[in-house]
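If you're matching positions, the sequence shown starts at 52 in our numbering and goes up one per residue. Even glycine gets a Cβ: it sits at the ideal position worked out from N, Cα and C. Keep in mind it's a predicted model, so treat the numbers as computed, not measured.
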Amino acid sequence: MIFITAKFPVKPEHADDWPEISRAFTEATRAEDGCLWFDWSRSLADPTEYVLVEAFRDDAAGGAHVQSDHFREATSSLPAYLAATPKIVNTTVEGTQWSELGEMAVGK
């Protein structure tokens, strides 16, 4: 799978509204056939930073995502709400789901 984590530094005046600002993009991406997950979290250390964890089934699904109309719209409209260019880690890993963190197994 294509596994991506990105940090989005949102302008302070838009930080509380980021979930709504990015909602259309989020919903459209989650509806893609090859999207495994597309999840936002807000940083505990910096309330203006949102972290996106996303995964796509394979290269074809990742390619379809970046060629989609909603991706094109997001890359055009969302930067106006950002304080800086997002940072990203993008890699390919085996599998298509989360693994358990054995070191913190519950119920053993």
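Nearest-angstrom Cα separation, counted from residue j out to residue i
i: Asp-84; j: Leu-103; result: 19 Å
i: Ser-73; j: Met-155; result: 33 Å
Residues bridged to residue i [DSSP beta-bridge criterion]
i: Ile-55; result: Glu-105, Asn-141
i: Trp-149; result: DSSP output for Trp-149 lists no bridge partner at all.
i: Val-61; result: Leu-133
Chain-order list of residues whose beta-carbon lies under 6 Å from that of residue i (same chain, five-residue window excluded)
i: Ala-112; result: Gly-85
i: Val-79; result: Checking the sequence shown, residue 79 turns out to be Ala, not Val. Only His-121 meet the Cβ criterion.
i: Glu-105; result: Ile-55, Phe-89
Terminal residues of the beta strand (DSSP E) in which residue i lies
i: Asp-90; result: 86 to 93
Cutoff 8 Å; reference residue i; Cβ partners in own chain excluding five residues on either side
i: Gly-114; result: none
i: Gln-118; result: none
Chain-order list of residues whose beta-carbon lies under 7 Å from that of residue i (same chain, five-residue window excluded)
i: Lys-58; result: Glu-100, Val-102, Pro-137, Lys-138
**OP:** State whether the segment 143 to 150 contacts the segment 90 to 99, with contact taken as three or more CB pairs (one from each stretch) at a distance under 8 Å.
**Re:** No: the two stretches stay apart, fewer than three of their Cβ pairs being nearer than 8 Å.
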